[in-house]
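Below you'll find the structure, written out as structure tokens, and then a few comments.
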Amino acid sequence: MDEVASRGVGDSEQFDRSSGRLPPGPRGLVRPGLQMVFDPINALREWQRHYGNTFTVNRLGTRIVITAEPELIQQVYGVRDPELFAAALPDALDVLLGSQSLLLLSGARHHRERKLMTPPFHGERMREWSEDIAEAARAAFADASGQELRLSSRTQQATLDVIIRVIFGVSDQQIAAEFSAAVTAWTKTLRPSFLFVRALQREFAGLSSFARYREASERVNALLMRQIARVRATPGERGDILTEMIQARYDDGSAMSDEAIRDQLRTLLFAGHETSAVMLAWALHFVHGHPAVLRRVLDELDALGPEASAGQLARLPYLTAVIDETLRMRPVTIDVFRLLRKPWKLGRWQLPAGTAVSPAALLVHYRADLWPEPEHFKPERFMTGERPDPTTYLPFGGGVHRCLGAAFSQFETAIMLGVLLREFEFEPVEREVEWGRGLGVLQPVSGVRMLVRPRARKPATTAP
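Per the numbering used here, residue 61 is the first one in the sequence shown, and the count goes up by one each step.
In structure tokens form, the structure reads like this:
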């Protein structure tokens with residue numbers, strides 16, 4: 061990263077002395093917002109070069125202060141006032157997530173719901189799912205026989221399978237197929253326009269793209285409500301997250317309503333489906349673009365022996381470092397901001413109520429003063445035995461709104477990546493893969509195309 065990006069520029073200091081309020085940034089009410097929607101990676105890097113590590117962007121009428129300064133990120137993540145920030149995402153996303161989604165809550169209610177939902181995503185419970193995760197990875201690539209595949213399509217299939225099995229608790233193959241078809245049809249109807257602009261959420265006598273989306277969304281809702289009813293009707297020892305949610309109790313002894321559970325399942329589906337799939341596709345791309353990395357990770361995997369369990373894969377240090385470095389180079393989220401309900405001082409800036417604040421993983425992860433040779437894929441960065449600083453490494457956000465499923469996502473990706481590398485060979489078709497915005501995440505534009513075939517040495521795994 062050049063010197064300007066590290067220390068800021070002159071007009072930034074001049075703006076600060078003259079107003080003491082918002083940092084400078086690109087002018088205009090329309091163009092910067094369109095750049096954020098359609099070309100966020102180049103736009104953010106350009107603005108960082110010109111304005112420094114903290115700048116203001118106007119997007120759809122909201123002023124967003126974007127920062128890549130660890131000190132300011134620490135200030136944002138360290139906020140203890142539950143009423144300072146509104147929800148992490150715009151209200152218009154309730155048509156996607158549901159009005160009771162954890163991502164659309166703030167303050168005391170957000171704390172209450174998050175406390176209830178946290179336990180299933182950590183510890184021993186996750187390890188019970190390792191073989192289900194491994195089998196989902198195998199099944200998604202089972203027909204690979206030397207043909208060219210779009211990896212992200214197959215990894216999405218695998219991560220959706222995990223959500224249906226592990227989160228929704230579906231074991232019946234026909235019901236699982238119904239879920240898969242309904243979710244796939246639903247995601248195909250999504251459009252950024254109506255997701256972020258409330259005024260475009262109109263059906264127009266069933267003729268609009270939003271009308272088609274609502275129809276597909278209601279099919280998913282119906283399947284979710286039927287599954288909730290099935291699980292409620294068969295209480296007992298089950299290992300899925302839906303069961304945990306049904307059995308969980310608030311501090312006052314009450315339980316979540318079916319509608320609240322449905323909205324949290326929609327949230328987990330949206331937040332965990334595409335993001336993990338993108339992480340896995342990128343990891344395969346980077347590993348196969350660096351022969352020394354591929355040799356080292358295969359040696360680590362093969363050293364486990366043919367009888368190794370799927371659960372052992374998630375504990376391999378170099379494989380884990382590969383995933384961590386993938387997340388540094390390709391963070392998947394960019395639209396994570398906190399909207400101020402009241403004035404607040406961020407560093408030397410005095411921000412008025414209604415301003416949003418957004419730590420920018422994309423920019424922090426490429427600061428050369430924080431990450432030497434940031435454009436180079438070097439998993440060894442994460443082999444020091446020390447945990448990375450949460451203000452300089454933030455693929456899952458931070459603070460009270462840190463991604464609830466971060467540990468599960470890394471666990472899932474490690475097992476899937478380990479299984480695929482042990483059991484398949486991948487031959488890149490393209491050397492460079494463009495990085496750009498998808499519907500809700502940053503993703504490989506081409507999907508990462510590779511020739512895939514069974515690996516000559518194919519060790520079997522047993523149940524953990």
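Just so it is clear, CB atoms sit at the ideal spot from N, CA and C, and this is done for glycine as well.
Every value quoted in this text rests on a predicted model; they were computed, and no experiment measured them.
- Around the C-beta of T116, 16 or more other C-beta atoms lie within 10 Å, and the residue is accordingly described as buried.
- In this structure, DSSP gives K405 an extended state, which the three-state scheme calls strand.
- A direct Cα-Cα distance of roughly 30 Å separates R441 from D192.
- Restricted to the region 172-225, the beta strand (DSSP E) segments that are unbroken, complete and at least 3 residues in length are 208-210, listed in chain order.
- Here G465 is not near A308, since their CB atoms are 8 Å or more apart.
- Between the alpha carbons of G299 and V222 lies a distance of about 13 Å.
- By the C-beta criterion, the region 271-280 is judged to be in contact with the region 244-258, since at least 3 inter-stretch pairs fall below 8 Å.
- Nearest neighbour of H350 by Cα position, chosen from R290, S240, F437 and M316, turns out to be F437.
- With the rule of 3 Cβ pairs closer than 8 Å, the region 167-177 does not count as touching the region 199-214.
- In this structure P180 is buried. Its beta-carbon is surrounded by 16 or more other beta-carbon atoms within 10 angstroms.
- DSSP places I394 in the coil class of the three-state scheme, outside both helix and strand.
- In this structure, A413 sits away from R398, with a CB-CB distance that is not shorter than 8 Å.
- Under the 10 Å beta carbon count, F145 is surrounded by 16 or more other beta carbons and is classified as buried.
- Assignment of S277 by DSSP, reduced to helix, strand and coil, places it in the helix class.
- The residue among Q287, V243, F346 and L156 with its C-alpha nearest the C-alpha of Q261 is L156.
- The C-alpha of A196 lies about 18 Å from the C-alpha of W342.
- For T127, the enclosing beta strand (DSSP E) covers residues T122 to T127.
- For the pair L302 and R225, the Cα-to-Cα distance works out to about 10 Å.
- Counting only runs of at least 3 residues, the region 406-438 fully encloses the following beta strand (DSSP E) elements, listed from N- to C-terminal order: 409-411 and 416-419.
- Annotation: the continuous beta strand (DSSP E) that includes P488 extends over F484 to P488.
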